[in-house]
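Taking it in order: structure first as structure tokens, then the write-up.
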Amino acid sequence: MHQLLQQVFSGLAAGAIYASLALALVMIYRATDLVNFAQGEMAMFSTYIAWTLVNAELPFWAAFVITLAVSFVGGMLIERIVIRPVENAPILTAVVVTIGLLLIFNATAGWIYSYTLQEFPSPFPDRPLFGALMTTRDMGVIAVTLVMLVALFCFFRFTATGLAMRAAAQNPESARLSGINVGRMLALGWGFAAAIGAVAGIMVAPVLFLDPNMMSGVLLYAFTGALLGGITSPVGAVIGGLIVGVTENLVGTYLIASQLKLTVALILIIIVLVFRPNGLFGTAVVRRV
Amino acid sequence: MAAILELRAVKAFYGQSEVLHGIDLVVEEAGMTVLLGANGAGKTTTLRAICGMVRSEGAILFGGHRLERCTTEQIAGFGVAHVPEGRGTFIGLTVEENLRIGGYTAAGRPDEKIQLMYGYFPILAQRRRQQAGALSGGEQQMLAIARALMMSPRLLVLDEPSFGLAPRVVEAIFAIIERIRREQQVSVLLVEQNASLALEMADRAYLLETGYVVSSGSAKMLADDPQIRRSYLGY
Chain H
323 MHQLLQQVFS GLAAGAIYAS LALALVMIYR ATDLVNFAQG EMAMFSTYIA
373 WTLVNAELPF WAAFVITLAV SFVGGMLIER IVIRPVENAP ILTAVVVTIG
423 LLLIFNATAG WIYSYTLQEF PSPFPDRPLF GALMTTRDMG VIAVTLVMLV
473 ALFCFFRFTA TGLAMRAAAQ NPESARLSGI NVGRMLALGW GFAAAIGAVA
523 GIMVAPVLFL DPNMMSGVLL YAFTGALLGG ITSPVGAVIG GLIVGVTENL
573 VGTYLIASQL KLTVALILII IVLVFRPNGL FGTAVVRRV
Chain R
-9 MAAILELRAV KAFYGQSEVL HGIDLVVEEA GMTVLLGANG AGKTTTLRAI
41 CGMVRSEGAI LFGGHRLERC TTEQIAGFGV AHVPEGRGTF IGLTVEENLR
91 IGGYTAAGRP DEKIQLMYGY FPILAQRRRQ QAGALSGGEQ QMLAIARALM
141 MSPRLLVLDE PSFGLAPRVV EAIFAIIERI RREQQVSVLL VEQNASLALE
191 MADRAYLLET GYVVSSGSAK MLADDPQIRR SYLGY
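What follows is the structure, given as structure tokens:
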């Protein structure tokens, strides 16, 4: 029983990271109807920025904040420079563009930082908590994710800009007629997604070690989480990410060798697509004509 | 009466094909102008050209601005509130959030204006926390008009507000439009299939056919024109 709970909690910590990245995927999907395959590599690149700053003797949280800011601006620039020109192109064109971005970020990171594993410091001490049920490190990851989610929720729920972003994602033409600069809202969405991804990368790097391919597995889990939650639902993405984290951990501990854990994600994707394509929370919006 | 909106020889295009062939049109300050015409005459396109949603040539003058050179969101910022075909409801947001979006560009606190809208449309106050997509057609039309009025517009552009609604609902909506026009001194440009109702309310009217203005003048004059009566009023 004790071991089971331990695995659940460490699954939640991993799930919190998947949830963050899943949320980033959902934000971009809602805004531009596009699955951003470069989301993981963008997060990886952000983590390298944080790593560089930490190695330059900056305090961890200062590096964290600067990295988020840089990632936010970077995400907006990517939307402006790379995504906007294919805005009205067929969806496959845009998908290929994000795959191109994936390769660019991966290769650029390898070129600048090399493909060797780098150690990444954790801001949290590694001490057992609640009679060794979980570690302070897991607790820290979960806490950071929760703070971020609450902050995002408040932003989208209570601010005029947050509301305008939701409106622009839902009905761009009507949003324009209401005076909302839809292009700016899309850019903001990419900025937020990049910053959220940066948080995920920084939180996962102490566990996985930093290298240009660090996020490929994480992105797959995050994608599974987003799909499980219904790809259009931010709440669904978070819950889906947590479910994937716990499932992956339990199955890896009790059922199969942990090298096969990634298969769990793929099987989950297939199950969701076959039996519940709308996911758990992706119900259609009520519409009366 | 001074003109608040003036179109001079406006052409509009979908891709390469020209669908408006040089339209002249005036909306007077605090007046109501109605566009009549059969399907495909270019009524909606005229409205879309005014709001920068299709490519246009010629001059579209509004409060010292050349609208044909501006983006849709800039034009909205100048005080042109357009309720599009299909009402433009944000169906996934609540009624109150829809209204808040209307107040996005306007100065001042939105809360007071929202209360004012609930005064005009009490049904919206009852449904303020509901998803807008769950409203009936008439309620959605009221919401769309209220959302537009949240912008404190100088010109209200309405594209077939009666579309798909029961006659009694249409009457209620037009009564409120008329009341708002008098109380808030907002000018109205209206596209309407229900010609007799529209001519009754409007002071100026334009008749469009295949991208040309074929007849224009006071609403009374058009209502008395025997040919228009035969074709559009049915008596």
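Residue numbers (the working numbering), protein chains in the order written: chain H, 323 to 611; chain R, -9 to 225. Cβ atoms here follow ideal geometry from the backbone N, Cα and C, with glycine treated the same way. Bear in mind that the values here come from a model prediction, so they are computed numbers and not experimental data.
I'd like to know whether the C-beta atoms of residue i and residue j end up nearer to each other than 9 Å.
i, j, result
"methionine 398 of chain H", "leucine 510 of chain H", "yes"
"tyrosine 543 of chain H", "alanine 336 of chain H", "yes"
"threonine 23 of chain R", "valine 204 of chain R", "no"
"phenylalanine 52 of chain R", "leucine 145 of chain R", "yes"
"threonine 546 of chain H", "glycine 558 of chain H", "no"
"glycine 67 of chain R", "threonine 95 of chain R", "yes"
"leucine 83 of chain R", "lysine 103 of chain R", "no"
"threonine 62 of chain R", "leucine 499 of chain H", "yes"
"isoleucine -6 of chain R", "glutamate 19 of chain R", "yes"
"valine 395 of chain H", "glycine 513 of chain H", "yes"
"leucine 356 of chain H", "alanine 416 of chain H", "yes"
"arginine 488 of chain H", "phenylalanine 478 of chain H", "yes"
"tyrosine 4 of chain R", "threonine 34 of chain R", "no"
"isoleucine 135 of chain R", "isoleucine 170 of chain R", "yes"
"glutamate 87 of chain R", "alanine 122 of chain R", "yes"
"serine 555 of chain H", "phenylalanine 603 of chain H", "yes"
Taking just the CA atoms, how far does residue j sit from residue i?
i, j, result
"alanine 429 of chain H", "glutamate 441 of chain H", "20 Å"
"isoleucine 113 of chain R", "isoleucine 65 of chain R", "30 Å"
"leucine 106 of chain R", "isoleucine 167 of chain R", "14 Å"
"alanine 195 of chain R", "serine 206 of chain R", "6 Å"
"leucine 343 of chain H", "tyrosine 351 of chain H", "12 Å"
"methionine 461 of chain H", "histidine 55 of chain R", "58 Å"
"alanine 213 of chain R", "leucine 26 of chain R", "11 Å"
"alanine 353 of chain H", "glutamate 363 of chain H", "20 Å"
"valine 85 of chain R", "glutamine 131 of chain R", "12 Å"
"alanine 473 of chain H", "glutamine 492 of chain H", "21 Å"
"arginine 609 of chain H", "serine 208 of chain R", "For arginine 609 of chain H, the predicted model reports a pLDDT of 47, less than 50, meaning its position is unreliable and no value from the coordinates is stated."
"valine 176 of chain R", "valine 596 of chain H", "54 Å"
"aspartate 448 of chain H", "methionine 470 of chain H", "22 Å"
"leucine 541 of chain H", "arginine 45 of chain R", "42 Å"
"valine 607 of chain H", "serine 186 of chain R", "Annotation note: pLDDT 46 at valine 607 of chain H (below 50); position unreliable, coordinate value reported separately. Those two C-alpha atoms are separated by around 37 Å."
"serine 436 of chain H", "glycine 505 of chain H", "36 Å"
"serine 332 of chain H", "asparagine 571 of chain H", "8 Å"
"glutamate 47 of chain R", "glutamate 409 of chain H", "25 Å"
"arginine 172 of chain R", "glycine 21 of chain R", "9 Å"
"phenylalanine 80 of chain R", "arginine 119 of chain R", "13 Å"
"alanine 411 of chain H", "isoleucine 405 of chain H", "10 Å"
Where does the unbroken alpha helix (DSSP H) through residue i begin, and where does it stop?
i, result
"valine 404 of chain H", "Note, valine 404 of chain H: premise wrong, no alpha helix (DSSP H); not H, not E."
"threonine 95 of chain R", "From DSSP, threonine 95 of chain R is part of no alpha helix (DSSP H); its letter is neither H nor E."
"valine 357 of chain H", "Where valine 357 of chain H is concerned, there is no enclosing alpha helix (DSSP H), given that its DSSP letter is neither H nor E."
"glycine 601 of chain H", "Glycine 601 of chain H -> no alpha helix (DSSP H), and no H or E assigned at all."
"leucine 510 of chain H", "504 to 530"
"leucine 542 of chain H", "537 to 551"
"isoleucine 50 of chain R", "Where isoleucine 50 of chain R is concerned, there is no enclosing alpha helix (DSSP H), although the beta strand (DSSP E) it sits in stretches over 45 to 52."
"valine 568 of chain H", "556 to 576"
"leucine 125 of chain R", "Note, leucine 125 of chain R: premise wrong, no alpha helix (DSSP H); not H, not E."
"glutamate 63 of chain R", "62 to 68"
"valine 176 of chain R", "Neither: valine 176 of chain R is in no alpha helix (DSSP H) and is coded neither H nor E."
What are the start and end residues of the beta strand (DSSP E) that includes residue i?
i, result
"isoleucine 208 of chain R", "Per the sequence presented here, residue 208 of chain R reads as serine, with isoleucine not at that position. Counting along the chain, the beta strand (DSSP E) containing serine 208 of chain R begins and ends at 202 to 208."
"isoleucine 13 of chain R", "7 to 18"
"arginine 144 of chain R", "Unbroken run through arginine 144 of chain R: none, as it is neither H nor E."
"methionine 22 of chain R", "22 to 27"
"glutamate 182 of chain R", "Per DSSP, glutamate 182 of chain R belongs to no beta strand (DSSP E) and is neither H nor E."
"alanine 486 of chain H", "No beta strand (DSSP E) contains alanine 486 of chain H, which is instead part of the alpha helix (DSSP H) from 482 to 492."
"alanine 156 of chain R", "It is not in any beta strand (DSSP E) - alanine 156 of chain R carries neither H nor E in the DSSP assignment."
"isoleucine -6 of chain R", "-7 to 4"
"arginine 194 of chain R", "194 to 199"
Ordered along the chain, which non-local residues of its own chain (more than five positions away) have a Cβ less than 7 Å from that of residue i?
i, result
"valine 611 of chain H", "Confidence at valine 611 of chain H is low in this model, with a pLDDT of 46, below 50, so the placement of that residue is unreliable and no value is reported for it."
"glutamate 8 of chain R", "Lys1"
"aspartate 14 of chain R", "Leu(-3), Arg(-2), Ala(-1) and Val203"
Within a Cβ cutoff of 8 Å, which residues of the same chain sit near residue i, ignoring the five residues on either side of it in sequence?
i, result
"glycine 128 of chain R", "Leu155, Ala156, Val159, Ala162 and Ile163"
"valine 573 of chain H", "Lys583 and Val586"
"alanine 486 of chain H", "Ala497, Ile502 and Met507"
"proline 443 of chain H", "Val376, Phe382 and Pro528"
"isoleucine 518 of chain H", "Ser342, Leu343, Leu345, Ala346, Met349, Met470 and Leu474"
Keeping to the same chain, check which residues put their C-beta closer than 6 Å to that of residue i; ignore five residues upstream and five downstream.
i, result
"leucine 148 of chain R", "Val73 and Leu180"
"glutamine 329 of chain H", "Asn571, Leu572 and Thr575"
"proline 100 of chain R", "Arg90 and Gly93"
Hey, is residue i's beta-carbon within less than 9 Å of any beta-carbon in chain A?
i, result
"glycine 82 of chain R", "Judged by its chain identifiers, the structure shown contains no chain A, and its protein chains are H and R."
- request: Could you say if the segment 324 to 335 of chain H and the segment 389 to 396 of chain H meet the contact criterion of at least three C-beta pairs nearer than 8 Å?
  value: Verdict: no, contact absent.
Stretch-stretch touch, CB-based, cutoff 8 Å, three pairs: the segment 70 to 87 of chain R with the segment 27 to 46 of chain R: The segment 70 to 87 of chain R is in contact with the segment 27 to 46 of chain R.
task: Assess, as a yes-or-no matter, whether the segment 538 to 558 of chain H is touched by the segment 586 to 600 of chain H under the definition of 3 or more beta carbon pairs within less than 8 Å.
output: By the Cβ criterion, the segment 586 to 600 of chain H is in contact with the segment 538 to 558 of chain H, since at least three pairs of Cβ atoms, one from each stretch, lie closer than 8 Å.
- prompt: Do the segment 464 to 484 of chain H and the segment 521 to 528 of chain H touch if we need at least three Cβ pairs shorter than 8 Å?
  reply: The segment 464 to 484 of chain H vs the segment 521 to 528 of chain H: in contact.
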